[in-house]
Amino acid sequence: MLGPPSLWTANLLISTLPAAVNAFYPYHPEYERSSNEALSPSHSPHSRRQGAASSHNLPSPVLPIRRVPVPRDNIFNILKSEDPKQGNSVAIDQDGTDVSYMVAVTFGDSKKEYHLLLDSAASNTWVMARDCPTEACKSHSLFGKEDSSSLKVQATPFHVTYGTGSVSGVVATDTVYVGPLSAPLTLGLANNVSQEFSSYPMDGILGIGRGSKAEGSIDAPSVVEILKSSALIPNTIYGVHLNRASDGAKDGELNLGGPNPERYDGDLNYLPLVPNPDGFWEIPVSAVGAGDTDSDIRGDRTAIIDTGTSFIYMPGPDADAVHRPIVRSRKSGETYAVPCDTKTLVWLQFGGQYYNISTVDYIGRDVGDGYCQSLIVGRQTFGEKQWLVGDVFLKNVYTVFDNEGGRIGFGVKRTHQEGDGDSSNAPKPSSSANPNASTGSFAPSNTAVPEGSPSAGAQRGPAGSPSPTGGAAKTPVSLGSLTVSFVIGLVAMHLY
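Numbering (mature numbering (1 follows the signal peptide of the UniProt record, and there is no 0)) for the sequence shown: -23 to -1, 1 to 473.
Structure representation (structure tokens):
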């Protein structure tokens, strides 16, 4: 028992979806006023709610350009980033809500841009095909022989299955252009795309992962591997810098072949990969907590790091422990609500370094009565000790994926005036022993950031090691009436 139901409720329900390894999760929270459980005592003083951010500092809302879908045209607004200054790099665009991050590519002699979801958990690339008759394709840019004379279509079929929905089609080859680089690529042309993709801005997937050795997967190298074998980049390494729409700094970028030292301060903190049969980027987790409280989660937890996943997923008991220190937090099923104006930061420890997750990143849309949805979800997507860690965390760090070295590196984001957060030494966390744990009562956490802290609420994590903050606390950006989390990266392409 986590505590008795409250008279006030902001019930967070999630559609029942299969928890499969190859999963695509359309995330549809429904809010009711029943069956809501208190996770934490409510006797802490209620902070004054922050006012809304100035509208001129926020990007335009992501809305369809026109209501009637026109075939072969992407109808979504895309929040584009500026071209990176470092060579062998390409801008990472997004949907304006920090839910999906994409790279614009072209194929062959076509001049049309295709926005593909940047996916570190998949090695294969696919794009919606011009001959796709399904409704989902009508709202996206489509690709076919009419667009590129160099496109070679094979007879080999492929099929990608997600938690709900799927795509299928045939294998093809063409030259792909990613920023200043180009190379021949084997990809999938999806001519059958399920309805779930109608609401999402990407025209396909750009697989930059290590790939799966599973039987039946398409025998084709990833974009990164091709660029390395073509001597266009020195190493199968790439750095990822994800921007926040609310910061106004359109500086998302993918650095191919090596990291961009201008994007982080100090040294990179490298973590060795845990062997994973699916080729996922999986690393050990040292600790997790919120505010000054260590959640006391022990026992070989690991995190699968995925740019193609929006939220953070962990088994329910772990998610409960993370939310306990957040005063007046609540839960319903596998979803959580926290006070919208909480200053309590969630933090992760990797390899002795602590990394804060800003409130602007883990606090989602307003669900009423001063509560907002937490974007840390109590869902077991893989093993009972495996977490799926996506963009909610990755926006707070600069991340390096080193395939040759078998490691992931995190860097403290370099502070600049356009929005990246400050870093600072942090207080030691309180004892991880929770005297209330056996009763299910959640202890309060004194984590309000004092007035006068750097950067109007610079965020501090535990333990005295530098940690990124992800920016000053702001009013969370609403994800709209439909909040969608992509676990779209964790897929495999299978031959029929």
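In this text, a Cβ means the ideal position worked out from N, Cα and C, and glycines have one as well.
Q: May I have the straight-line CA-CA distance separating residue 281 from residue 97, to the nearest angstrom?
A: 10 Å
Q. Helix, strand or coil for residue 115 per DSSP?
A. helix
Q. Can the beta-carbon of residue 357 be found closer than 9 Å to that of residue 262?
A. Their beta carbons are not under 9 Å apart, which means residue 357 does not touch residue 262 by this criterion.
Q) What are the start and end residues of the beta strand (DSSP E) that includes residue 159? A) 158 to 170
Q. Three-state secondary structure (DSSP) at residue 370?
A. helix
(Q) Which runs of the alpha helix (DSSP H) at least 4 residues long sit entirely within the region 277 to 334? Give them in chain order. (A) 293 to 300
Q: Please name the residue in 253, 85, 211 whose C-alpha comes closest to that of residue 359.
A: Put simply, of 253, 85, 211 the residue whose alpha carbon is nearest the alpha carbon of residue 359 is 253.
**Q.** Length of the line joining the Cα atoms of residue 257 and residue 177
**A.** Roughly 24 Å between the two C-alpha positions.
Q) Mind pulling the alpha helix (DSSP H) runs of 4 or more residues that sit fully within the region 176 to 210? A) For the region 176 to 210, whole alpha helix (DSSP H) runs of length 4 or above, ordered along the chain, are 200 to 206.
Q. How about residue 338 and residue 213: do their beta carbons lie closer than 9 Å?
A. no
Q | Cβ-Cβ separation, residue 132 to residue 147 (assumed contact under 8 Å), whole Å | A | 7 Å
(Q) Determine whether the beta carbon atoms of residue 84 and residue 153 lie at a separation below 9 Å. (A) With a cutoff of 9 Å on beta-carbon distance, residue 84 and residue 153 are scored as near each other.
Q) Relative to the C-alpha of residue 216, which residue among 179, 67, 77, 169 is closest? A) 67
**Q.** Exposed unless 16 or more other CB atoms sit within 10 angstroms - verdict on residue 211
**A.** exposed
Q: Could you tell me the distance, in whole angstroms, from the CA atom of residue 311 to the CA atom of residue 352?
A: Each residue's alpha carbon lies about 11 Å from the other.
**Q.** The alpha helix (DSSP H) enclosing residue 528, as first and last residue numbers
**A.** Examination of residue 528 is not possible in this model, given that the chain is present from -23 through 473 alone.
Q. From residue 69 to residue 200, what distance separates their C-alpha atoms?
A. 16 Å
Q.
Please state the DSSP three-state secondary structure of residue 236.
A. coil
Q) For residue 337, does the three-state DSSP call read helix, strand or coil? A) helix
Q | residue 208, buried or exposed, once every other Cβ within 10 Å from all chains shown has been counted against 16 | A | Classification of residue 208: exposed, given that the 10 Å Cβ count is below 16.
Q) From residue 334 to residue 289, what does the alpha carbon distance come to, in whole angstroms? A) 11 Å
Q | CB of residue 188 within 9 Å of CB of residue 102, strictly | A | no
Q: Given a cut-off of 9 Å, decide if residue 56 and residue 227 are closer than it, judged by their beta-carbon atoms.
A: yes
Q | Nearest to residue 77 (by Cα), restricted to the options 115, 302, 174 | A | Nearest of 115, 302, 174 to residue 77, Cα basis: 174.
Q: Classify residue 236 as buried or exposed, calling it buried when 16 or more other Cβ atoms lie within 10 Å of its own Cβ.
A: buried
Q: Flag this pair as yes or no: are the beta carbons of residue 246 and residue 388 separated by less than 9 Å?
A: Yes, the pair counts as a contact, with Cβ atoms nearer than the cut-off.
Q | Proximity of residue 113 and residue 105 at Cβ, strictly below 9 Å | A | yes
(Q) According to DSSP, simplified to helix, strand and coil, what is residue 87? (A) coil
Q | Which residues DSSP lists as bridging residue 174, in chain order | A | DSSP lists no partner for residue 174.
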